[in-house]
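*Asks:* Quick note: the sequence shown uses my numbering, first residue 1, plus one each step. For glycine and all other residues, C-beta sits at the position ideal for the given N, C-alpha and C. Structure below; questions to follow.
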Amino acid sequence: MTGILCATSAVASQPPAGSAAVDDSLLRQLFKDSGLDAAKTFMSETELPTEMFSDPLTLLYVVAPDGKISLIRQLYMGTFDSQEYFDAVEQRFRRSMNSKHAQQALEFFASPLGQKAVELEVRFLNDYLWFLSRGKDFLGHYREKTGTENLPPGQRLYLSNRLLRSMNLVAHDLKVTQSILSVASPLNPYFEQGPSDNKSKQMKEDLPEYIKTLRLLFIFRIYGELSENNFKELVKFYESPAGRWYQSVKNKGSLDAQERMNQQARLRVASLLKAFEEGEQEQELLWEMFPPGVRQLFVRKRDPFQALVYPGMDKKKKEVKEEDLTAPVDRFASQGSRLLPLPLEAYNQLKEMDPQLYQDLEFYSKLFQERTELEALSDEEFEEEVARYQSLLERATDVAGRGVMTPLQVEYGELRLVGVLNSGSETRALVQTGDSNGYTVKPGMLMGPAYGVVGSIDQERIEVVERSRDYEGNILSKVQFIAFSASEGSGGKK
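Next comes the structure, spelled out in C-alpha cells:
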C-alpha cells in the first residue's frame, strides 16, 4: 500500500554523501519499530501485481481510457524491486534525519498503541492487494462503499480526515498518478486514445475526490479495531512535529522510488519513439513489449506532416491553464478578511504560552499555503476548515492578549513623544501615555497595540516596525512613526 506503510516504487541504492553521520542504530530501530522492515519482508516474499507500481491506487481509470492503462502497465512491468524500494526510503531518511523527531517517533512506535497500529497496518497489506485486484470494478463502488450507512460516527470521520491531512496523502497520490501519466504522454501521437481523452476536468476535480475517498476507506479498514481514544492519540501523533516529519520523509522516499521506476519506463518509451521516427524495427518492438490487446492500439505512425505544435493548440492549453488558475484563486481570495494576521511577536510567544495551539497554527498555515488538499474539499468541507482555522486564530489573539508586557503596548493615539535623549552612542526617547505617565524608550522594546518593535530613534521621531504573520505563514511588515506634535515642535529634544 502507498503512504501509510509503503509506496510502490524503486530507486538506485547509492548511499548519499554525508550519510555516515546518521546514527545507523537509530535508523535501523526506526525501520523495525515503524513496520517498514515488516513491509519489506512482505513485499519481497509476495508475488506482487504490476498494477501495484503502474497504478498503485487503481485511479488511472478516472483519467485514462482502458487501452492506455494497459499500455502503462506494460511500460512498468518488471521495474519494481523491493530491495531498491526500501533503499530509496532509507536514503531519504538519511538525508532528512532529525534525531529529536526520530527519537520521539520511536517512543510512539514502542508504545502499546504504536505497536498495535503497526500490527494493523502490516495486516492490511494483504487486503491492499485485494483492492488492487478489483481494479475498475472496485473504482465503480467507491461511493457506494462510503454511503451514509457505511460511514463511521461523526467524530471518527472527523478524526480520519485530520489523519489524512496530517499525512498529506492526497497531494502525494496526485503526484504519483500525474508522474505516471506524464511518462506515457510522448506516445500519445502514436497511440489510439479512445473516446474522450480530454481528462483535464477529471484530473482537477474528480481525481482528488477519489483519492480522498479511497484513503478514508483504507483508514477505516486499517484502524477499525482501535478505540475512539486510541485513534485520537494516533491522530495526535501524526499531527505532532515528529509524526509529520516521519510521514513527510516517508512520502518523499516514495516519490524518489517512483521516479526511479519512471526513468526505467521512460527508456522503453524512448526506444519506441526512436523506432517510430526512424521507421525501423517498430513492429518487432511492439511484439516484444506489448501483448496483442495493446500493440493493436498503435494503429499508425504519426503523420510527419502533422505538426506536434499546431495553430490553436497553445490557445487551448492557455484556456485550460487559466481555468485551472481561476478556481483556487476565487476560493481563497476572500479568506484574508476572515483569517486575520497575528502579530509575529505574539505568535512566537505562543511556543511557550500554548505549544499545542502554536503547532495547530503551523499546520493550518502550511495547509492554506500549499492548497492542494484544500482544493480537493467540497465547498462545505472547505468552509468547515476555514471556520476551524478562524477559531484557532481567535484563540491565539486571546492568548496573546494575556501576554502584553509593557504599558507602551497601547493605541498610538495614546502615545506622545515628549523628548529625545542622546547618551553616548545610544539615543533614547521620552514617551508619555494617556494616563500622563512617562517612559524611557529604546530600540528593541515592544510598543503599540500590534506588538510593534522599536526600530530606530532620531531627533524627530520613533520608528516602530510591526511584523505580522498571515494565514499562509507569510511575514508582513508595516512601519509606524511616533513624532513630536506640531505644538511641541522640536522643543522636546535634549
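Using C-beta distances below 6 Å, list every residue in its chain close to Tyr364, excluding the 5 sequence neighbours before and after it, in chain order.
*Replies:* Around Tyr364: Tyr389.
*Asks:* Please state whether the Cβ-Cβ distance between Leu106 and Leu26 is less than 9 Å.
*Replies:* Result yes, Cβ atoms of Leu106 and Leu26 sit closer than 9 Å.
*Asks:* Using a Cβ-Cβ cut-off of 6 Å (strictly less than) and excluding sequence neighbours within five positions of Thr406, which residues of its own chain qualify?
*Replies:* Once the five neighbours on either side are set aside, the close Cβ partners of Thr406 are Leu446.
*Asks:* Considering only their Cβ atoms, is the gap separating Val453 from Val441 smaller than 9 Å?
*Replies:* The answer is no: Cβ separation not under 9 Å.
*Asks:* Taking its Cβ as the centre, do 16 or more other Cβ atoms sit within 10 Å of Asp314, making it buried, or is it exposed?
*Replies:* Confidence is the limiting factor: at Asp314 the pLDDT is only 49, short of 50, which leaves the residue's position unreliable, though a coordinate-based value still follows. Looking at its Cβ environment, which holds fewer than 16 other Cβ atoms inside 10 Å, Asp314 is exposed.
*Asks:* For a test of the three-state rule: what should DSSP assign to Thr46, helix, strand or coil?
*Replies:* Coil, per DSSP.
*Asks:* Glu411 to Gln480, Cα distance in whole Å?
*Replies:* Distance between the alpha carbons of Glu411 and Gln480: 11 Å.
*Asks:* Figure out for me which residue from Arg371, Leu120, Val249 has the closest Cα to the Cα of Arg94.
*Replies:* Ranking Arg371, Leu120, Val249 by Cα distance to Arg94 puts Val249 first.
*Asks:* Between the Cα of Glu120 and the Cα atoms of Leu159, Glu381, Gly224, Gln359, which residue gives the shortest distance?
*Replies:* Here the sequence assigns Leu to residue 120, which means Glu is not the residue at that position. Ranking the options by Cα distance to Leu120, first place goes to Gly224.
*Asks:* With 16 as the cutoff for other CB atoms within 10 Å, does Pro343 come out buried or exposed?
*Replies:* Under this definition Pro343 is a buried residue.
*Asks:* By alpha-carbon positions, which one of Val420, Ile72, Arg371 ends up nearest to Ala483?
*Replies:* Nearest of Val420, Ile72, Arg371 to Ala483, Cα basis: Val420.
*Asks:* Bridge partners for Glu466 per DSSP, in chain order?
*Replies:* For Glu466, which the question treats as bridged, DSSP gives the partners Lys478.
*Asks:* Could you tell me which uninterrupted alpha helix (DSSP H) segments, each at least 4 residues in length, are contained entirely in the segment 43–112, listed from first to last along the chain?
*Replies:* Complete alpha helix (DSSP H) runs here, min 4: 51–54, 60–63, 66–76, 82–95, 99–110.
*Asks:* Quick test of the definition: if touching needs 3 or more C-beta pairs under 8 Å, does the segment 126–133 touch the segment 31–49?
*Replies:* Yes, the segment 126–133 touches the segment 31–49.
*Asks:* May I ask which residues mark the beginning and end of the beta strand (DSSP E) holding Arg371?
*Replies:* It is not in any beta strand (DSSP E) - Arg371 carries neither H nor E in the DSSP assignment.
*Asks:* Relative to the alpha-carbon of Tyr210, which residue among Glu472, Leu59, Thr372, Glu381 has its alpha-carbon at the smallest distance?
*Replies:* The option with the nearest alpha carbon to Tyr210 is Leu59.
*Asks:* If Val183 sits next to Leu75, beta carbons under 8 Å apart, how far is it from one beta carbon to the other, in whole angstroms?
*Replies:* Indeed they touch by this definition, with Cβ atoms about 7 Å apart.
*Asks:* Figure out for me which residue from Asn262, Gln155, Lys32, Tyr439 has the closest Cα to the Cα of Asp55.
*Replies:* Nearest option by C-alpha distance: Asn262.
*Asks:* Can you list, in chain order, the residues of its chain with a C-beta nearer than 6 Å to that of Asn474? Leave out the 5 residues immediately preceding and following it.
*Replies:* Around Asn474: no qualifying Cβ.
*Asks:* If you draw a straight line from the C-alpha of Asp256 to the C-alpha of Arg338, how long is it?
*Replies:* Going by the C-alpha atoms only, they are around 38 Å apart.
*Asks:* Is Asn161 helix, strand or coil when you go by DSSP?
*Replies:* It is helical.
*Asks:* How many Å lie between Val399 and Lys366 at the Cα?
*Replies:* Going from the Cα of Val399 to the Cα of Lys366 covers about 21 Å.
*Asks:* Which of the three DSSP states, helix, strand or coil, is assigned to Gly401?
*Replies:* Of the three classes helix, strand and coil, the one that applies to Gly401 here is helix, per DSSP.
*Asks:* Around the C-beta of Gln178, are 16 or more other C-beta atoms found within 10 angstroms, so that it is buried, or is it exposed?
*Replies:* The residue in question, Gln178, is exposed, as its Cβ has fewer than 16 Cβ neighbours within 10 Å.
*Asks:* Please give the ranges of any beta strand (DSSP E) in the segment 199–277, keeping only runs that are unbroken, at least 3 residues long and fully inside the region.
*Replies:* Taking only runs of at least 3 residues, no beta strand (DSSP E) segment lies wholly in the segment 199–277.
*Asks:* Within this structure, are the beta carbons of Phe220 and Arg156 separated by less than 9 Å?
*Replies:* Yes, these two residues count as a Cβ contact at 9 Å.
*Asks:* Reducing DSSP to helix, strand and coil, say where Glu472 ends up.
*Replies:* Three-state result, Glu472: coil.
*Asks:* Write down the C-beta distance between Leu181 and Arg215 rounded to the nearest angstrom, noting that I regard them as a contact closer than 8 Å.
*Replies:* Incorrect: roughly 19 Å between the Cβ atoms, too far for contact.
*Asks:* Measure the beta-carbon distance from Gly253 to Val89 and round it to whole angstroms, keeping in mind my assumption that it falls under 8 Å.
*Replies:* About 4 Å separates the two Cβ atoms, so the contact holds.
*Asks:* State the beta-bridge partners of Asn126 as determined by DSSP.
*Replies:* DSSP lists no partner for Asn126.
*Asks:* Can you check whether the CB of Ser166 is closer than 9 Å to the CB of Val118?
*Replies:* Their beta carbons are not under 9 Å apart, which means Val118 does not touch Ser166 by this criterion.
*Asks:* Arg123: beta carbon under 8 Å from a heavy atom of the ligand COA?
*Replies:* By its list of ligands, the structure shown contains no ligand whatsoever, and the ligand COA lies outside what it can speak to.
*Asks:* Given this structure, state the Cα-to-Cα distance separating Tyr439 from Val464, to the nearest angstrom.
*Replies:* If I take the Cα positions, the gap works out to 16 Å.
*Asks:* List, from N- to C-terminal side, the beta strand (DSSP E) runs of 3 residues or more that fit wholly inside the segment 416–455.
*Replies:* Within the segment 416–455, the complete beta strand (DSSP E) runs of at least 3 residues are 416–423, 426–432, 438–441.
*Asks:* Select from Ser477, Arg28, Gln459 the residue whose C-alpha is nearest the C-alpha of Glu466.
*Replies:* It is Ser477 whose Cα lies nearest to the Cα of Glu466.
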